[in-house]
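Taking it in order: structure first as structure tokens, then the write-up.
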Amino acid sequence: MKLSLSNVIFAAAVVHGVAAVHVVFFTSSDCNSNNGANTRYICPWLAPETCCGIDLPGHRTVEFQQVPTNQNLELRSYGGGRCARRSADDGSRGRHTICFNREPPYTGAGYGRFTRKRNGFEDGADKGECIRPQLLELGDGSQFDLTSLSDADYAKIGELAERNQSSVAEQFGQLMITA
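Per this note's numbering, the sequence shown runs over residues -14 to 164.
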């Protein structure tokens, strides 16, 4: 088995008793992954008590996928740039997929167990405590690995994805993992 960041994060989540969850930021208003114009930023296998956030505007929905149905987890969304300000939260209550669309725009998301003490980044997280999405998926289904990008290139690929999706492959083709 190839050791990758995703595998390490997943293993750490399993050790802590909570399976890792996928967090997906959508530009559409309904978490509809079949919309050809929809750009998606994906945080695969996000570990509990980790915030995944992005500084790019325009994400009208955030979806939690692969949520374990045997636990009631607290799902959290943030606005104001990455994980700056908590905007909404909800319990998973046995649901496998949960879409947040009440208080856009969304710039961050995370989850954890409910406890008596308030979990997560209540007033927001320091940018150092917040990871950024590792995958970009365009409306045509092509995916790009964003893990090695500098902040400047990350912002550039985001701008291209919003304005002219075909230019993403032209300028960042070496990052394409599926076409």
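Note that CB positions come from ideal geometry on N, CA and C, so glycine has one too.
Model, not experiment: these values are computed from the prediction.
Whose CA, out of the options, lies closest to the CA of residue i?
| i | options | result |
| --- | --- | --- |
| residue 133 | 157, 88 and 146 | 157 |
| residue 59 | 150, 96, 124 and 142 | 96 |
| residue 31 | 7, 39, 46 and 23 | 7 |
| residue 39 | 118, 129 and 152 | 118 |
| residue 16 | 159, 120, 44 and 155 | 44 |
| residue 83 | 92, 52, 57 and 93 | 52 |
| residue 79 | 160, 33, 37 and 57 | 57 |
| residue 47 | 55, 27 and 54 | 27 |
Specify the secondary structure class of residue i as computed by DSSP and reduced to three states.
| i | result |
| --- | --- |
| residue 111 | Note that residue 111 scores 49 on pLDDT, short of 50, meaning its location in the model is unreliable; the coordinates nonetheless yield the value given after this. The answer is coil: DSSP assigns residue 111 none of H, G, I, E or B. |
| residue 95 | strand |
| residue 145 | helix |
| residue 158 | helix |
| residue 151 | helix |
| residue 29 | strand |
| residue 104 | Low confidence applies here, because residue 104 scores a pLDDT of 47, under 50, leaving its location unreliable; read the following figure in that light. Here residue 104 sits in coil by DSSP. |
Bridge partners for residue i per DSSP, in chain order?
| i | result |
| --- | --- |
| residue 7 | 50 |
| residue 163 | 128 |
| residue 116 | 37 |
| residue 140 | Beta-bridge pairing links residue 140 to no other residue. |
| residue 67 | DSSP lists no partner for residue 67. |
| residue 61 | 74 and 95 |
| residue 122 | 25 and 128 |
| residue 84 | 48 |
Contact check, residue i vs residue j under 8 angstroms by CB: the rounded distance?
| i | j | result |
| --- | --- | --- |
| residue 65 | residue 88 | Rounded, the Cβ-Cβ distance is 11 angstroms, inconsistent with contact. |
| residue 120 | residue 130 | 7 angstroms |
| residue 93 | residue 37 | 7 angstroms |
| residue 124 | residue 163 | 13 angstroms between Cβ atoms; not a contact. |
| residue 91 | residue 99 | The Cβ separation is near 21 angstroms, so there is no contact. |
Please report whether the beta-carbon of residue i lies at a distance below 8 angstroms from any beta-carbon of chain B.
| i | result |
| --- | --- |
| residue 123 | Within the model displayed, chain B is absent; a lone protein chain is all it includes. |
Query raised in the report: Quick check: the segment 69 to 87 against the segment 138 to 153, are there 3 or more CB pairs under 8 angstroms?
Result: Segments in contact, no.
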